[in-house]
Each structure stands twice: as C-alpha cells, then as structure tokens.
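Student: Next up is a structure, given as structure tokens.
There are 2 protein chains.
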Amino acid sequence: MSAPAKAEESKGQRLTKGGRKTRERIIETAAELMFHHGVRGTSIPDIQAAAGVSASQIYHYFGDKQGLVLAVIDHQTDTQLARQRPLLDSLDSIEALREWCDRAGNRQDARGCEGGCEIGSLASELADSDQSARTSLASAFDRWEGPIRSGLARMQARGELSERADTAALATALLAAIQGGMLLSQVRRSSTAYRQAVSAVIDHIESYLVR
Amino acid sequence: MSAPAKAEESKGQRLTKGGRKTRERIIETAAELMFHHGVRGTSIPDIQAAAGVSASQIYHYFGDKQGLVLAVIDHQTDTQLARQRPLLDSLDSIEALREWCDRAGNRQDARGCEGGCEIGSLASELADSDQSARTSLASAFDRWEGPIRSGLARMQARGELSERADTAALATALLAAIQGGMLLSQVRRSSTAYRQAVSAVIDHIESYLVR
DNA sequence: GCATAATTGGAATGTCAATTCCAACTTGGG
DNA sequence: CCCAAGTTGGAATTGACATTCCAATTATGC
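Protein chains in written order, with UniProt numbering: chain L, 1 to 211; chain D, 1 to 211.
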C-alpha cells in the first residue's frame, strides 16, 4: 500500500503544512467545480487544471474519486453551515426565521439563480449511486435541520409556540421547502418560488404562535 | 443530411409503425435507466443493451444524446402527469390534496425510497448544464403546478378559501414541498420527511378555509 | 412491382477519463 | 546532518463513451 485510501477514519498519516494546504486546495476546487457541473461532470483532469496539481497529488490524498467526493461533501456541509451562522443558531423567533431564509433567497438572486443548494445538488446526484455518500449527506441534512428544530423547541419551551406544534416535523418541513424552493428557483431562474415556499411554511409555523 | 436531429419541432419525417415502436422503446428504456442512474450515468451502450437496439437506431431517431434527453424529459412529464390523473384535475378540496399527496408517499415507500421525483431528479442534474433541458423542465413544472393552482382557485371561487389566499403562491409552495420532501426522503430512505413537508403546507392551506 | 425513403447492424474512430507507476524532490525529527 | 516519510511530476495504461459510417434490409406510396 502507498496512499491512505480512507483518509478520514483511519487517520494514520501525518500531513506536512504544505500537504495540508494542497489537500484543502484540491477539496475547495473540486467542491466549486462539482457545484457547477455536477460530480460526474467534473473530471479529475478538470480538477488538476483548476487547482494546479498533478494527478498523483489527488490520488495521494484521497485514494480515488469517491474519496474526494466524500471529502467534498464534508467540506460543503461544514462550509455552508458555517456561512449561515450565527443566524442558524438563533432561529427562535419568526423574524429570525424569515431573515435567515431571506438571506438565502438574496444569495440565490445574486448568482442569477444558477445552481441550487450546495448540499441538495450533491444529494440528488449521489443518493442512489453511492451508499456512503448517501449516509454522509443524510447526516449533513441532520446537522442542518438540528439547529432549526432547536430554535423552534426553544420558542416552544418559552411558551411562545403552542404545545400542539410538532417542532421536529416543522423543522423538516422548512428544510424541505428550502430544498424544493431552491430547485424550482434554479429551473425557473427566479427566486420567487423559493420565497413563496419558505414563506408558506413560516406562515404555518406562525400560526402556532401563542398570542 | 441524413438524420432528423431535431425530431420534435421540424417534424419533417415519416415514421414507420415499426419505427415508431422502436423510438418509443428507446425513450422508455432511457427514461428508466436515467431515473435510476442519472443522465450522465446512463451511456448510449447501456441503452442499446437494455432496449435491444443498435447505436444507429438511437442516432437515427434522436440525433444525439441531448436529443434523446429532451425526448425523455417530455416523456417523463407526460407519463407522470398522466399517472396522477384524474386526481390531479380535482384538487379542489383539502381531502383531495391529502389523498393525492399520500399516494405519492405510498409510491415512494413501495420502492423503498430509492429514487426521488422523476422530473425533479432530471431538473437537478440538467438545470445548469443544458439550457434547452432547463426550459423544458420549467414547462414541465408549470404543467404540474397548473392543476394544483386551478384546484385551489376553484375552491376560492366557490368561497371555500379566503380571498386573502394567494392560490398561485400556495400551489408553488406545495410543489416545492413535494420536491424537497422527496429529496429528503430519498436521502433518508424514509418517506417521513416527504409526508411532514406536504402535510405542513396542506395544513397551511387549510388555515385559509372559510368556516 | 418499383423506386425512394426509412430502418437496422455492426464495425471503426477519436477523445477523454480514471487510475497506476515510478522516479525525483522536500521536509521534519533525532 | 541524515533518513524515513511525505510530496510531487508526468508519462503510461486501460477502458469506456459519443459519434460516425457504410452497407444491407425493409416498408410505403404510386
């Protein structure tokens, strides 16, 4: 054996500072290309050219393309969740929910509604073809949904949301609205569908407010 | 010129009865394979083998792979909408909406939550890489959303739904919930997310009922 | 029945992707 | 300073894929 095929779990390898940097650059470049052209639409040579690395570097750090894809999934999950903080951790009011969703809508407009959700796109492409990618994406969605649910649960604990509200289900519904809304917006090249979708679910959550 | 590259618009070609049958078989086979493995994950040789045709037949009828993909999009749109009828044309009560969405959930369970929405999956993969596919998919979603909106509009015209309800926006929101719910279900291998997503939106629609 | 057009088979072509290999170079710890 | 380990370059291999070609076969309108 020469390269660490499964880099994550069996961390039996030291990385030079330069090595770590190269590895990061490969992941970031791959994530960018895969977001725009899909996983299958992004070749190793494409990544080599865009990141300025040789084939051996990619295979040295990730074993094979699937290993790189898994690293990209983790990277996108971390990056997207980080980008949404600190808002993501204080989704405990209707206003906060609207503001948070609105930002995503503005971001979508800013890019001309090209591309959908960084995580959702990977999910749609990989869910049925790569079992480990699917579980990884499932946990990505869990990590995303968790803070939404927590925010709603806090509202409920404070007595602002009715006890009848199923906060877990509402969090799932909001995440689904985001995903579906993003997809429709991407296809229609207009953020309207996204805004209407999340607005409907937030309106619904609002109906559980204890006045 | 030999083959009719753009088969649809410029219908300048006669099809033998056998030819029509072959053409249909290719489309159906391609649609099936592409649903399971994605467009990029389905090769022409794959389709040849599964449909029992030669390469020249595929290129004869569709010009190139993109032409076939466009035909698959149209086919899936027609097929999926047809499958949902007649329910799709009578979505003018809360019960009808629930029943219609429930059937899709049961169907998703029946296939073990593998695969998402036939149209949504194509949309996610093609929206940013194929302009003509994107517009075709946009009209597919319009054709799907139309009957939902019509049903809601009828309820409103009858005075069952409040005038305050934006039926077009609600229809979009429901379609988005279906898409996002399907994606989450596909990744989680459980229809729960789908059911919670559509349930939340239908509950919201219900809140506009005039009592 | 004939001629024209539709249909089909199957090999050939050229491109490009994923991956492997090995040799050369660099770095960090002792 | 030295060695083992980490890092990199770049060519070579293997296989698949989209597409083209041409020749053979079959159907349809007249």
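Glycine included, every Cβ here is placed at the ideal spot set by N, Cα and C.
1. Starting from residue 74 (chain D), follow the alpha helix (DSSP H) in both directions and report where the run begins and ends.
2. Considering only residues of the same chain and omitting the five flanking positions on each side of residue 197 (chain L), which have a CB-CB separation below 7 Å?
3. In or out: residue 16 (chain D) buried (at least 16 other Cβ within 10 Å) or exposed?
4. Please state the DSSP three-state secondary structure of residue 15 (chain L).
5. Would you kindly work out how many angstroms separate the C-alpha atoms of residue 132 (chain L) and residue 126 (chain L), rounded to a whole number?
6. At least one CB of chain D closer than 8 Å to the CB of residue 152 (chain L): is that the case?
7. On a Cα-Cα basis, can you pick out the residue from L:56, L:65, L:61, L:209 that is closest to residue 40 (chain L)?
8. Is any beta-carbon of chain L found at less than 8 Å from that of residue 105 (chain D)?
9. Residue ranges of each alpha helix (DSSP H) run of no fewer than 4 residues wholly in the region 131 to 210 of chain D, ordered along the chain?
10. Quick one: is residue 27 (chain D) near chain L, going by C-beta distance under 8 Å?
11. Alpha helix (DSSP H) containing residue 101 (chain D): first to last residue?
12. Assign residue 189 (chain L) to buried or exposed, taking buried as 16 or more other Cβ atoms, counted over all protein chains shown, within 10 Å of its Cβ.
13. Between D:26, D:174, D:130, which has its C-alpha nearest residue 101 (chain D)'s C-alpha?
14. Please check if any C-beta of chain L sits within less than 8 Å of the C-beta of residue 172 (chain D).
15. Please classify residue 118 (chain D) as buried or exposed, where buried requires at least 16 other C-beta atoms within 10 Å of its C-beta.
16. Are the CB atoms of residue 69 (chain D) and residue 26 (chain D) within a distance shorter than 8 Å?
17. Residue 204 (chain L) touches chain D at which residues, Cβ-Cβ below 8 Å?
18. For residue 188 (chain D), go through chain L and note every residue whose CB falls closer than 7 Å to its CB, in chain order.
19. Leaving out five residues before and five after residue 2 (chain L) in sequence, what residues of the same chain have Cβ atoms less than 6 Å from its Cβ?
20. Please list the partners that residue 193 (chain L) has in chain D, where partner means a Cβ-to-Cβ separation under 7 Å.
21. Smallest Cα separation from residue 28 (chain D): which of D:162, D:80, D:96?
22. Which of the three DSSP states is assigned to residue 42 (chain L) in this structure?
23. Alpha carbon to alpha carbon, how far is residue 75 (chain D) from residue 231 (chain L)? Give it in angstroms, no decimals.
24. Quick one: what does DSSP say residue 127 (chain D) is sitting in, helix, strand or coil?
25. Taking a Cβ distance cut-off of 8 Å, strictly less, list which residues of the region 50 to 68 of chain D are near chain L, in chain order.
26. Could you tell me whether the region 85 to 101 of chain D touches the region 143 to 151 of chain D, where touching means 3 or more Cβ pairs closer than 8 Å?
27. Please classify residue 157 (chain D): is it buried, with 16 or more other beta-carbons within 10 angstroms of its beta-carbon, or exposed?
28. For residue 155 (chain L), tell me which candidate among L:90, L:134, L:191 has the shortest Cα-Cα distance.
29. So that I know if they touch, is there some Cβ in chain D lying closer than 8 Å to that of residue 40 (chain L)?
30. Can you check which of these residues, L:129, L:136, L:200, is closest to residue 36 (chain D) by C-alpha distance?
31. Less than 8 Å between the beta carbons of residue 218 (chain L) and residue 184 (chain D), yes or no?
32. Against chain L, does residue 89 (chain D) count as a neighbour if the rule is that its beta carbon must be under 8 Å from one of theirs?
33. Rounding to the nearest angstrom, what Cα-Cα distance links residue 104 (chain D) and residue 111 (chain D) in this structure?
34. Starting from the C-beta of residue 77 (chain D), find all residues in its chain whose C-beta is less than 7 Å away, skip the five residues before and the five after it, and write them out in chain order.
35. Apart from the five residues just before and just after residue 211 (chain D), which ones in its own chain have a Cβ nearer than 6 Å to its Cβ?
Tutor: A quick look at the data gives this:
1. It spans 65 to 84 - the alpha helix (DSSP H) in which residue 74 (chain D) sits, taken as one unbroken run.
2. Hits under 7 Å: 177, 180, 181.
3. Exposed, by the Cβ-count rule.
4. In this structure, DSSP gives residue 15 (chain L) a state outside helix and strand, which the three-state scheme calls coil.
5. Cα to Cα, the separation comes out at about 9 Å.
6. No, residue 152 (chain L) lies away from the interface with chain D (no Cβ there is under 8 Å from its Cβ).
7. Of the candidates L:56, L:65, L:61, L:209, L:65 places its Cα closest to the Cα of residue 40 (chain L).
8. No, its Cβ sits nowhere closer than 8 Å to a Cβ of chain L.
9. The qualifying runs are 131 to 157, 167 to 188, 192 to 206.
10. For residue 27 (chain D), no CB of chain L lies under 8 Å from its own CB, so it is not counted at the interface with that chain.
11. Secondary structure note for residue 101 (chain D): its alpha helix (DSSP H) is the uninterrupted segment 94 to 110.
12. The residue is exposed, with fewer than 16 neighbouring Cβ atoms inside 10 Å.
13. For residue 101 (chain D), the nearest C-alpha among the options comes from D:174.
14. Yes, its Cβ sits closer than 8 Å to a Cβ of chain L.
15. When all chains shown are included, residue 118 (chain D) counts as buried.
16. Judged by beta-carbon spacing, residue 69 (chain D) lies beyond the 8 Å limit of residue 26 (chain D), meaning their Cβ atoms are not closer than that value.
17. Neighbours of residue 204 (chain L) on chain D, chain order: 200, 201, 203, 204, 207.
18. The answer, in chain order, is 138.
19. Residue confidence for residue 2 (chain L) is low, a pLDDT of 33 falling below 50, so the modelled location carries little weight; the figure read from the coordinates is stated next. Within the same chain, residue 2 (chain L) has no close Cβ partners at all.
20. In chain order: 172, 176.
21. For residue 28 (chain D), the closest C-alpha among the options D:162, D:80, D:96 is that of D:80.
22. In this structure, residue 42 (chain L) counts as coil in the three-state DSSP scheme.
23. Examination of residue 231 (chain L) is not possible in this model, given that chain L is present from 1 through 211 alone.
24. Collapsing the DSSP output to three states places residue 127 (chain D) in coil.
25. Residues of the region 50 to 68 of chain D that bring their beta carbon within less than 8 Å of a beta carbon in chain L are absent altogether.
26. With three or more CB-CB distances shorter than 8 Å, the region 85 to 101 of chain D counts as touching the region 143 to 151 of chain D.
27. Note on residue 157 (chain D): under 16 other CB atoms within 10 angstroms of its CB, so exposed under the neighbour-count rule.
28. For the residues L:90, L:134, L:191, the minimum Cα distance to residue 155 (chain L) belongs to L:90.
29. Closer than 8 Å: yes.
30. Nearest of L:129, L:136, L:200 to residue 36 (chain D), Cα basis: L:129.
31. A query on residue 218 (chain L) cannot be resolved here, the shown segment of chain L reaching from 1 to 211 and no further.
32. Judged by the 8 Å Cβ criterion, residue 89 (chain D) is not in contact with chain L.
33. Spanning the two alpha carbons is a distance of roughly 11 Å.
34. The beta carbon of residue 77 (chain D) lies closer than 7 Å to those of 119, 140, 143 in the same chain, with the five residues before and after it left out.
35. Only residues of its own chain outside the window of five on either side were considered, and among them none has a CB closer than 6 Å to the CB of residue 211 (chain D).
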